[in-house]
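Peer 1:
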Amino acid sequence: MQKPHRHNAVALDLVTYAPKGKCYTLIGDELNEDGSIRSPTRLDWESGGSFATPLGMWHSHHNESEDEDAWILPVQDAGLALHQGLYDIRFAEEEWKHVKDEHAIKGIIY
């Protein structure tokens, strides 16, 4: 599993190979306190298929096969976003630390 993360780049992913019924991506707007994606939409991978990861949405990629790798070819506009200083990639554990630090400054307790 890839940890939940988000970035300011659209990703179009071509699934070149995925073990049948074992691979998927979870996408959602918000995180739970444990860093998982709240009420995610599940996109199941199929060899030869494709899916898009929308700009700024939390997502994580999963392969539940114990003995087969999966392959996707991502195409992103990340280079342009990075060059313009807009990429802003964030991983779940960093996001919650940031949120908790900001709230600690304001006196909010979790």
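By full-length UniProt numbering, the letter at position 38 of the sequence shown is numbered 38, and the numbering carries on one by one without gaps. Note that CB positions come from ideal geometry on N, CA and C, so glycine has one too.
Use the C-beta contact count for GLY21: other C-beta atoms within 10 angstroms, 16 or more gives buried, fewer gives exposed.
Peer 2: Counted from its first residue, the sequence shown places residue 21 at position 21. Burial call: exposed.
Peer 1: If you measure between the beta carbons of TYR24 and TRP71, is that distance less than 8 Å?
Peer 2: Taking the first residue of the sequence shown as position 1, residue 24 is located at position 24. Taking the first residue of the sequence shown as position 1, residue 71 is located at position 71. For TYR24 and TRP71, no; Cβs fall outside 8 Å.
Peer 1: Please look up how many angstroms separate the CB atoms of PRO4 and SER65, rounded, as I've assumed it's under 8 Å.
Peer 2: In the sequence shown, counting from the first residue as 1, residue 4 sits at position 4. In the sequence shown, counting from the first residue as 1, residue 65 sits at position 65. In fact, because the Cβ distance is near 20 Å, the residues do not count as touching under 8 Å.
Peer 1: Identify, in the order they occur along the chain, each residue of the same chain with its Cβ nearer than 8 Å to the Cβ of ASN63, setting aside the five sequence neighbours on each side.
Peer 2: Within the sequence shown, residue 63 is the residue found at index 63, counting from 1. Here the set comprises MET1, ALA18, PRO19, LYS22, CYS23, ASP69 and ALA70.
Peer 1: Taking just the CA atoms, how far does GLY28 sit from GLY79?
Peer 2: Position 79 of the sequence shown holds residue 79. Position 28 of the sequence shown holds residue 28. Straight-line spacing of the CA atoms in GLY79 and GLY28 works out to 24 Å.
Peer 1: How far does the beta strand (DSSP E) with LEU26 in it reach, from first residue to last?
Peer 2: By 1-based counting over the sequence shown, the position of residue 26 is 26. Here the beta strand (DSSP E) through LEU26 covers 23-28.
Peer 1: Quick one: what does DSSP say LEU31 is sitting in, helix, strand or coil?
Peer 2: In the sequence shown, the residue the question calls residue 31 occupies position 31. Of the three classes helix, strand and coil, the one that applies to LEU31 here is strand, per DSSP.
Peer 1: From GLY85, ARG6, LEU82 and LEU14, pick the residue whose C-alpha is nearest to that of TRP45; which is it?
Peer 2: Position 45 of the sequence shown, counted from the start, is the residue given in the question as residue 45. The candidate whose alpha carbon is nearest that of TRP45 is LEU14.
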